[in-house]
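Here the structure is laid out as structure tokens; the discussion comes afterwards.
In my numbering, the protein residues as written are 20 to 203.
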């Protein structure tokens, strides 16, 4: 079994602006375990544990879906937080609603049913995870990011990837298995 997810890559310059805004509040504070820069992405679909022999079929299906896709623009626009039981669990940067991205996610949801993946019941909320709260963080200071007005951060979606996620004691490690360019 292999743990998989499908994700959109975010350009380096866009990530740099997000991290710069974050660092204006936190500077060099080392007590917070931020997600590393190389792990920042937009998850399109989390597949979870997958039989090894399905990986190639999933990859081929994803390639077909990406080939049918035309380039599109996305815009990161705000910081937010997911809560569980009232407590913050994930700090993220979200994006302006994109009809194209919603349609693409719907196509993947529909298409991956044939591999035994149920459609996601929750409404798709595209975001980039910046921090997973583990306890002990200065929650009040972190939540100050929710007040920050991000500059316009538009970018063209150019690459969709299939990632493996390995759970380690130090956290998850992502490995790109396949990637597909969104071309004209």
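C-beta atoms are modelled at their ideal positions from N, C-alpha and C, and glycine is treated no differently.
Since we're looking at a predicted model, the values are computed, not measured.
{"Asked": "At least three beta-carbon pairs within less than 8 Å, the stretch 178–194 to the stretch 96–108", "Found": "no"}
{"Asked": "Residue 89 burial status per 10 Å Cβ neighbour count (16 or more: buried)", "Found": "exposed"}
{"Asked": "Per-residue DSSP class, three states only, for residue 118", "Found": "helix"}
{"Asked": "Beta carbon of residue 85 nearer than 8 Å to that of residue 174", "Found": "no"}
{"Asked": "Residue 124 vs residue 81 beta-carbon contact at 8 Å", "Found": "no"}
{"Asked": "Identity of the residue in 28, 74, 105 and 45 nearest residue 135 by Cα", "Found": "74"}
{"Asked": "Helix, strand or coil at residue 21 [DSSP, three-state]", "Found": "strand"}
{"Asked": "Helix, strand or coil at residue 62 according to DSSP, with G and I counted as helix", "Found": "strand"}
{"Asked": "Reference residue 117, options 104, 146, 76 and 102, closest by Cα", "Found": "146"}
{"Asked": "Counterpart residues of residue 109 in DSSP-defined beta bridges", "Found": "101 and 151"}
{"Asked": "Candidates 199, 201, 168 and 176: closest to residue 44 by CA position", "Found": "168"}
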